[in-house]
Structure formats: C-alpha cells, structure tokens
Amino acid sequence: MATRYSLFSLARHALTGKPWPRAWRAREPKGSYDVVIIGGGGHGLATAYYLAANHGITNVAVLERGYLGSGNVGRNTTLVRSNYLLDGNTQFFEHSLKLWEGLSHQLNYNVMLSQRGQIVLAHGPSQLDVLARKGNIMMLNGIAAELLDRDAVMRLLPYLDYSRDSRFPIYGGLLQRRAGTVRHDAVAWGYARAADRLGVDIIEHCEVTGFVREQGRVTGVETSRGRISAGRTAISVAGHTSQLAALAGLRVPVESHLLQAFVTEPIKPFVDHVISFGAELFYISQSDKGGLVFGGHIDGFNSYTQRGQFPKVQTVAECAVALIPSISRLRLLRHWAGIQDMTPDGSPFVGRTPIDNLYLNGGWCYQGFKATPAAGWCLAHTIAHDDEHPLVRHLGLDRFQRGNGHDEYGLGNWTYKQ
Amino acid sequence: MLRINCPHCGVRDYTEFRYAGDASKPRPAHASTDVAAWHAYVFLFDNPKGDHEEYWQHVLGCRAWLVLERNTATNGVGHARLARPAP
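Chains as they are written, first to last, in my numbering: chain A, 4 to 421; chain B, 379 to 465.
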C-alpha cells in the first residue's frame, strides 16, 4: 500500500534515499466484481474513485487495454473552465471546476491546478454581445465572469496583434479567472492511486473483447485475461465507444475523429493565461516547461489512426501567428492526435443504456478532460443508484429520439462540424 | 497527404474536398413516418474501425458529390465514384 504523501514523507524519503513505493498495485483480475469499468482513462479512474469514496462500493475493477495515461487523458491540452451557455452545461462544468479546485487535497496527489484565467476573444461588436450574454448566464449561476473591453485585453495580453490592418481586430473578451490548466498525467495517476488505496483493482493491459449476457442483461466481460463477472459494467473508453457499444449490440450516435494538439520549443514565461481565439477554434497556453501548448479543430474526417494530418498543422499554426505574430519563428516540438468521440450535438452521453446493468460514459467531443471529475462523480452516482445523477439527466442516449439534442454551439446534427 | 481520385478532375489533395459523413446508410422513403428509422438514419453510426464508405464533395474542383472508400484504421484511400450515377 502506498504511503500518504506529505511534507514529512517527502523529507523522510529524501533523507533515507529509499525508492518510493508503487503509486498503485499491479493486480491480477479476480473472477468477479460488483462493478467493472472498461477504460482506465481519467473518466474511468475517476468513476472508480467516486464509487469507492462517495458510495462505499470498493469491489471495483478498472480494465485498461494499454497502460494508464496512454489515451486521451494524456493527449489533451489540459484546460479546465466552466464558461458555458446552455443550462445543463453551465452547472455540470461548474461542478467539475469546483471538484478540480479541491482535487489535489482530496486525492493527496498534486494535480498542479493553475487557475491562470481564460480569456475568450471577440473580434467584432456582435461577438462581444454574445460573450456578454454568456458572462451574464455564468453570473446568474454564481460563476464569476468579467467582460473586457479592448483596452482591458491590451493590458492583460499586450502581445496580441492589435494592428490597424489585422484581419481579426480585437474588440474585447470574456475572462473567467478561475479557469486554467491541470497537469493531465497527474490526474490519471492521482485518481488511480487514490482509488487503489480504497481497494479498487486497477488492471492494465487487459482488453475487453466481449460482453457476457444472461437474459438480455450484461453480467460480465470477456477479456484478453479471461472472463470477469460483474454486477454492473460501465463503458468509459472515449474514442472507441462505438466499438465497445457494438460488442454489446448497440449503435450509438458517435463518430470517431482526430483532434491534434501541438507544443512548441520552450521559451521564457510569456503567455500567462489561457487564450481562446474568437475567429477560429484555437486555444493556447504555456506549459510549466515553457512550451506553448495549443490546439484547433478536429481534422475533419473520421479516423482511428492517432496520426494528425499536416494541412491541419498549417491551419492551426496560421491561427497562432494571426493571434500572436511574435511567435512566428518558434519551432514546433511535437504534434499528436487523440481519437475523439464526436456526437451530433457536440454533447456527451452519461447514463444508463437500453441494456440492463450496462452504463455508458462517452461522446465527449472537445470537452472530455475538463469534465473528468464531474463525469466520474455523476457516472459513479448513476451506477450506484441505477438512476442518472441530476447533472447528467439531459445527456441520455435517447435524447435525439425525444427531440432533446443539447447543442451548445447551434451547429446542427453534424458530428464533423461540432 | 491523402489523395482522392475524382472521376472528373483526377487525383487531387484531400484539402480540395470536404468530408460529409457516412454514405452507407439507406435513406428512409421520403413519406416514411417511421421515427426509429429516421433516427437511425440521421443520428446513429456504425463508425467502423476499418473500411468505410463516405461522402466527400469536391468543393474546390468540379463540386461533384463523391462516395469514397477509405479505411478509418489506416487512412488508406480507395476508389471514389460519383454519388449520383449518370442518368
């Protein structure tokens, strides 16, 4: 069992020079669990942790096909925020942000939350009106937001392009000071360690190959390491939701697309906030190591390759230089792609499925990382009570059939346009 | 760079085209009132990891709509045909 991390344990290890024990145990799968969670990403690990911590359900296994942190939890741009427009999103992501704010203490693991503030830019008066409306919606929900005029943006972000001939002049922006970044690997490791300490089995290199069904309901999973019985089973495999759902005989409103992220060579502290360009989907921040981390739209067509297309590299680099001309000569250190579930309304699915004892968490589009604590919190509640948590009631698999799509950006039912 | 062999224009970079979704789903009859069938047509996807038939429009070329065979696990591009066959 891993020791509790503290100043005292840090000093003791420094003085004795003994290696740190494993953060979580390597487990062989048992034959049976109360709950099996498929997918050892941030969401699956958070679900296991909250099942144990909030609901006292500790006979839980998390099955991960690769190693922990190898999927989207380690591929995102690490942003957290709660500046949303639609009822449902606002409350859900604010719950998530509040959990982020207490997470390092809750998990006894430093996830390095940095509330540096996020600024969304407006490049025209009408766009600034939309941001004002969004800020008002946030404040009506008790979430602090500040509308910035052009001068205020200039004071905070003096390095943007404010020239008279700029293609996308800056009229102002909306600031959420509590938004920021989190070290994403630490989220996977912290949840894994905390869940392990509560008795959860984390089983890496264990691929689910099928579901065991009895009288229609799911009673376990077939895996590359044998059959495992489960009272309840949850799918939490962002990117491969369709494959797992198909093993259970379900077709879901999900297409898999590639989202790329980029990091430049490290430079001195320069970008102190998270900045979202308003003229294209583009967002940038600076990592603790000094690299500028940024991303844009999905590549545009469905793919499972985890390899980004070069034309998108160019588009995103053009956005970066349009926003901050002074970085034009920085070299890109790396770019990579994650497989992202895209849904017809840009919103995820969290809840029960038409199959008894089978639960689903997927379809996160661009929002998966910032949602990690709340998604785990709400899915754990849903599994424990066999009933959706109030914060995710609007995220049911059947919402399109009922005409209740939840389209934050008003884009219509196109997965690849969300 | 993915290259698509447009029946009208020849082999071109994929950036001249725009992806437009799964082409394998049969559209319900226009007068159909079967809500489940429309729901499946509009909202559900097989989303295979492998061979996929999909619509692309040659927006920066002849503007024709094509059906392209592509492998989503490798991005290997196959045959492209006109979405609407000649009369």
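We put the beta carbon where it would ideally sit given N, CA and C, even for glycine. Because the structure is a prediction, the values reported are computed rather than measured.
query                                                                                                                                                                                    : result
Compute the Euclidean distance between the alpha carbons of Cys-322(A) and Leu-102(A), then round it to the nearest angstrom.                                                            : 32 Å
Do the stretch 226-242 of chain A and the stretch 334-352 of chain A touch if we need at least three Cβ pairs shorter than 8 Å?                                                          : yes
For Leu-110(A), does the three-state DSSP call read helix, strand or coil?                                                                                                               : helix
For Tyr-412(A), which residues of its own chain have a beta-carbon under 8 Å away from its beta-carbon, when the five flanking residues on both sides are left out?                      : Gly-349 and Gln-421
Which chain A residues sit within Cβ distance under 8 Å of Asp-429(B)?                                                                                                                   : Residues of chain A passing the Cβ test: none, with the nearest at roughly 12 Å.
Could you work out which residues of chain A lie near Ala-451(B), taking near to mean beta carbons separated by less than 9 Å?                                                           : Ser-306, Tyr-307 and Thr-308
Might you give, ordered along the chain, the residues of its own chain that have their beta carbon closer than 7 Å to the beta carbon of Gly-303(A), omitting 5 neighbours on each side? : Tyr-419
Below 8 Å CB to CB, which residues in the same chain sit around Ile-41(A) once its five sequence neighbours on both sides are set aside?                                                 : Gly-47, Leu-66, Val-211, Val-224, Thr-236, Ala-237, Ile-238, Ser-239, Val-240 and Leu-247
Residues of chain B with CB under 7 Å from Val-316(A), in chain order?                                                                                                                   : Per Cβ cutoff of 7 Å: no residues; Val-316(A) is ~12 Å from chain B at best.
Given a cut-off of 8 Å on the beta-carbon distance, is the pair Ile-206(A) and Arg-30(A) in contact?                                                                                     : yes
Between the C-alpha atoms of Asn-57(A) and His-384(A), what's the straight-line distance to the nearest angstrom?                                                                        : 8 Å
When we look at the beta-carbon of Ser-288(A) and count the other beta-carbons within 10 Å, is it buried (16 or more) or exposed?                                                        : buried
With three or more beta-carbon pairs closer than 8 Å as the criterion, would you say the stretch 148-158 of chain A touches the stretch 181-194 of chain A?                              : no
For chain B, check one thing: does any of its Cβ atoms lie closer than 8 Å to the Cβ of Glu-1(A)?                                                                                        : The structure shown has nothing for residue 1(A), since chain A only spans 4 to 421.
Identify whether Met-4(A) lies in helix, strand or coil by the three-state DSSP scheme.                                                                                                  : Note on Met-4(A): pLDDT 48, under 50, position unreliable in the model; the coordinate value appears next. Three-state DSSP puts Met-4(A) in coil, outside helix and strand.
To which residues of the same chain is Gln-94(A) closer than 7 Å at the C-beta, ignoring the five residues directly before and after it?                                                 : Asn-144 and Leu-394
To which residues of the same chain is Ala-189(A) closer than 8 Å at the C-beta, ignoring the five residues directly before and after it?                                                : Tyr-112, Asn-113, Val-114 and Met-115
For Met-4(A), I'd like the list of residues in its chain whose CB is within less than 6 Å of its CB, leaving aside the five on either flank, ordered along the chain.                    : Note that Met-4(A) scores a pLDDT of 48, beneath 50, so its modelled location is shaky; the value from the coordinates is reported in the next line. Correct list: empty, nothing qualifies.
Indicate the three-state DSSP secondary structure (helix, strand or coil) for Leu-284(A) in the structure shown.                                                                         : coil
In chain order, what are the residue ranges of uninterrupted alpha helix (DSSP H) at least 4 long that sit wholly in the stretch 127-153 of chain A?                                     : 128-143
Please check the pair Met-345(A) and His-397(A), which I expect to be a contact at CB under 8 Å, by giving their CB distance rounded to whole angstroms.                                 : Wrong, their Cβ atoms sit about 18 Å apart, outside the cutoff.
Can you list, in chain order, the residues of its chain with a C-beta nearer than 7 Å to that of Leu-460(B)? Leave out the 5 residues immediately preceding and following it.            : Pro-385, Ala-442 and Leu-444
Please classify Phe-395(B): does DSSP put it in a helix, a strand, or coil?                                                                                                              : coil
Against chain B, with Cβ distances strictly below 8 Å, would Tyr-419(A) count as a contact?                                                                                              : yes
Since Arg-15(A) is in the alpha helix (DSSP H), which residue starts that stretch and which ends it?                                                                                     : 10-19
Could you check whether Tyr-174(A) and Ala-125(A) sit closer than 8 Å to each other, using their CB atoms as the reference points?                                                       : yes
Three or more beta-carbon pairs under 8 Å between the stretch 417-426 of chain B and the stretch 388-407 of chain B, yes or no?                                                          : yes
Quick one: using the 10 Å Cβ neighbour count with 16 as the cut-off for buried, is Val-255(A) buried or exposed?                                                                         : buried
Going along chain B in order, which residues have a C-beta closer than 8 Å to the C-beta of Asn-416(A)?                                                                                  : Val-420 and Phe-421
Using a Cβ-Cβ cut-off of 8 Å (strictly less than) and excluding sequence neighbours within five positions of Leu-201(A), which residues of its own chain qualify?                        : Tyr-52, Ala-55, Ala-56 and Thr-61
Would you call Thr-450(B) buried or exposed, if buried means 16 or more other Cβ atoms sit within 10 Å of its Cβ?                                                                        : buried
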